[in-house]
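Visitor: Handing you a structure now.
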Amino acid sequence: MVFTDYLWFNTKHQQEFVRITDDVARIVAASGVIEGKVLVSAMHITAGVYVNDWEDGLIHDFQVWLEKLAPSGLSYEHHQTGEDNADAHLKRTIMGHQVIVPITAGKLDLGPWEQIFYAEFDGQRKKRVIVKVLGA
Amino acid sequence: MVFTDYLWFNTKHQQEFVRITDDVARIVAASGVIEGKVLVSAMHITAGVYVNDWEDGLIHDFQVWLEKLAPSGLSYEHHQTGEDNADAHLKRTIMGHQVIVPITAGKLDLGPWEQIFYAEFDGQRKKRVIVKVLGA
Amino acid sequence: MVFTDYLWFNTKHQQEFVRITDDVARIVAASGVIEGKVLVSAMHITAGVYVNDWEDGLIHDFQVWLEKLAPSGLSYEHHQTGEDNADAHLKRTIMGHQVIVPITAGKLDLGPWEQIFYAEFDGQRKKRVIVKVLGA
Numbered sequence: 013m014v015f016t017d018y019l020w021f022n023t024k025h026q027q028e029f030v031r032i033t034d035d036v037a038r039i040v041a042a043s044g045v046i047e048g049k050v051l052v053s054a055m056h057i058t059a060g061v062y063v064n065d066w067e068d069g070l071i072h073d074f075q076v077w078l079e080k081l082a083p084s085g086l087s088y089e090h091h092q093t094g095e096d097n098a099d100a101h102l103k104r105t106i107m108g109h110q111v112i113v114p115i116t117a118g119k120l121d122l123g124p125w126e127q128i129f130y131a132e133f134d135g136q137r138k139k140r141v142i143v144k145v146l147g148a
Numbered sequence: 013m014v015f016t017d018y019l020w021f022n023t024k025h026q027q028e029f030v031r032i033t034d035d036v037a038r039i040v041a042a043s044g045v046i047e048g049k050v051l052v053s054a055m056h057i058t059a060g061v062y063v064n065d066w067e068d069g070l071i072h073d074f075q076v077w078l079e080k081l082a083p084s085g086l087s088y089e090h091h092q093t094g095e096d097n098a099d100a101h102l103k104r105t106i107m108g109h110q111v112i113v114p115i116t117a118g119k120l121d122l123g124p125w126e127q128i129f130y131a132e133f134d135g136q137r138k139k140r141v142i143v144k145v146l147g148a
Numbered sequence: 013m014v015f016t017d018y019l020w021f022n023t024k025h026q027q028e029f030v031r032i033t034d035d036v037a038r039i040v041a042a043s044g045v046i047e048g049k050v051l052v053s054a055m056h057i058t059a060g061v062y063v064n065d066w067e068d069g070l071i072h073d074f075q076v077w078l079e080k081l082a083p084s085g086l087s088y089e090h091h092q093t094g095e096d097n098a099d100a101h102l103k104r105t106i107m108g109h110q111v112i113v114p115i116t117a118g119k120l121d122l123g124p125w126e127q128i129f130y131a132e133f134d135g136q137r138k139k140r141v142i143v144k145v146l147g148a
């Protein structure tokens, strides 16, 4: 059994982390899959999808840390194309662009603190995440 | 066909890398799946699962490198909640928290040097990894 | 339905990024899978597989950035085994070693700028990527 849906984002800020656990759970429920896996994958190359803690302080730490590892404002080669978002490509690479969440007994089989996040690094435009459920 | 099992860890040290290739292979054999994939995913957000070399020097290099990229002992915002492990969240993000291993002809279809590891960054407590086999 | 194929690489240079979107699409077409997922995973531990932009400037930026985060030429412990490629293990860890690409209506369900790349960090030798299709 395969079931596909898409989540749309258009964030207010250039950088924004959005919790999407409930959206993914809703799609899994609609799929009717009882045992399987769901792929949650950013379809744009300056955004990521990751699993971690739902705690504002930690989200702030992630953002400060990413800015240190992959600074904005450097003279990246990519910017010679007219773009100015090379750092967004690098930041999303650190965070990862997709996760697979196991489905057991009809529910997301997540640990106690696991939450799914969409990480936008070049927002204020329409972007999509694919949610693809596969199982029995 | 879907088959689910869990591996439990309670490491002696705060940080510890544990080879789990044989544990995953044992679960795949028990599943009866001949062609498919197995998801191996940390269920706690300060641990990772990755594939790389089984060589103690390299494991040491990984640990030194992670400490450089995501230092412990900084005054992270997350620590205002009473936690002291923000760096563990960052380190596991670099290493990745899950892998998918292909199963071909009933066996893990791994390259010559590929080994599956559990990377603990905040141990000395009970933690779980889900191993979910999907295939035919 | 499960279908497996392998891509072989033997790059001219030690470090080389190779676009493989069309190779993966060809294998998916051969598989006959209409709805499902394809795993694309490096079978060697000094190479990665990632999804990002097909733009030479950005590829250059990735390479400069990886050299900064995971420098070659340091005295890594791993080198006491006679190897000299510890940095290649670290670089591939940043980029990731595998991706899952969704298949919808018989095609790779990729966003407008998503391209699949093989990232070689220790080339000039024969290496393999597994491409495993699962679906209906």
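Residue numbers (the working numbering), protein chains in the order written: chain A, 13 to 148; chain B, 13 to 148; chain C, 13 to 148. Here a beta-carbon is modelled for each residue, glycine too, at the ideal position from N, C-alpha and C.
#1: For a cutoff of 7 Å on Cβ pairs, would you count residue 28 of chain C as touching chain A?
#2: Count the other C-beta atoms from every protein chain shown that fall within 10 angstroms of the C-beta of residue 31 of chain C, then say buried if there are 16 or more, exposed otherwise.
#3: At what residue ranges does the stretch 61–119 of chain A contain a whole run of the alpha helix (DSSP H), taking only runs of 4 or more?
#4: Hey, out of B:71, B:91 and B:83, whose CA is closest to residue 88 of chain C's CA?
#5: Let's test the definition: count the other Cβ atoms within 10 Å of the Cβ of residue 25 of chain B and tell me whether it reaches 16, buried, or not, exposed.
#6: Contact defined as beta carbons within less than 8 Å: I believe residue 138 of chain C pairs with residue 20 of chain C. What is the distance between those atoms, to the nearest angstrom?
#7: Taking contact to mean at least 3 C-beta pairs separated by less than 8 Å, is the stretch 109–116 of chain A in contact with the stretch 42–61 of chain A?
#8: With the cut-off set at 7 Å, would you say residue 128 of chain C and residue 63 of chain C are in Cβ contact?
#9: To the nearest angstrom, how far is it from the Cα of residue 132 of chain B to the Cα of residue 92 of chain A?
#10: Suppose you measure from the CA of residue 134 of chain B to the CA of residue 143 of chain A; what does that come to, to the nearest Å?
#11: With DSSP as the reference, identify every bridge partner of residue 122 of chain A, one or two as the case may be.
#12: Give the residues of chain C in contact with residue 82 of chain A, contact being defined as C-beta atoms less than 8 Å apart.
#13: In whole angstroms, give me the CA-to-CA distance for residue 94 of chain B and residue 27 of chain B.
#14: Can you pull out the residues from the stretch 61–75 of chain C whose beta carbon lies closer than 9 Å to at least one beta carbon of chain A?
#15: Step through the CB atoms of chain C and report whether any lies within less than 7 Å of the CB of residue 107 of chain A.
#16: Which residues in chain A sit within 7 Å of residue 144 of chain B, going by Cβ to Cβ distance?
#17: Under 8 Å by Cβ, that's how I've got residue 82 of chain B and residue 125 of chain A pegged, so tell me the actual separation to the nearest angstrom.
#18: Helix, strand or coil: which one does DSSP assign to residue 140 of chain C?
#19: Of all the options B:117, B:107 and B:39, which has the alpha carbon lying nearest to the alpha carbon of residue 145 of chain B?
#20: Below 8 Å on the Cβ atoms is my guess for residue 136 of chain A versus residue 58 of chain A; work out the distance and round it to an integer in Å.
#21: What does the alpha-carbon distance come out to for the pair residue 101 of chain A and residue 101 of chain C?
#22: With distances taken Cα to Cα, identify the nearest neighbour of residue 198 of chain A among A:106, A:36 and A:98.
#23: Under the rule that 16 or more other beta-carbon atoms within 10 Å means buried, what is residue 96 of chain C, buried or exposed?
Guide: Looking at the coordinates:
#1: no
#2: exposed
#3: 68–81 and 98–107
#4: B:71
#5: exposed
#6: 6 Å
#7: yes
#8: yes
#9: 41 Å
#10: 31 Å
#11: In DSSP, residue 122 of chain A forms no bridge with anything.
#12: 77
#13: 20 Å
#14: 62, 63, 64, 65, 67, 68, 69, 70, 71, 72, 73 and 74
#15: no
#16: 49 and 114
#17: The Cβ separation is near 18 Å, so there is no contact.
#18: strand
#19: B:39
#20: Going by Cβ atoms, the distance from residue 136 of chain A to residue 58 of chain A rounds to 11 Å, so no, they are not a contact pair.
#21: 21 Å
#22: Missing from the structure shown is residue 198 of chain A; chain A here goes from 13 to 148 and no further.
#23: exposed
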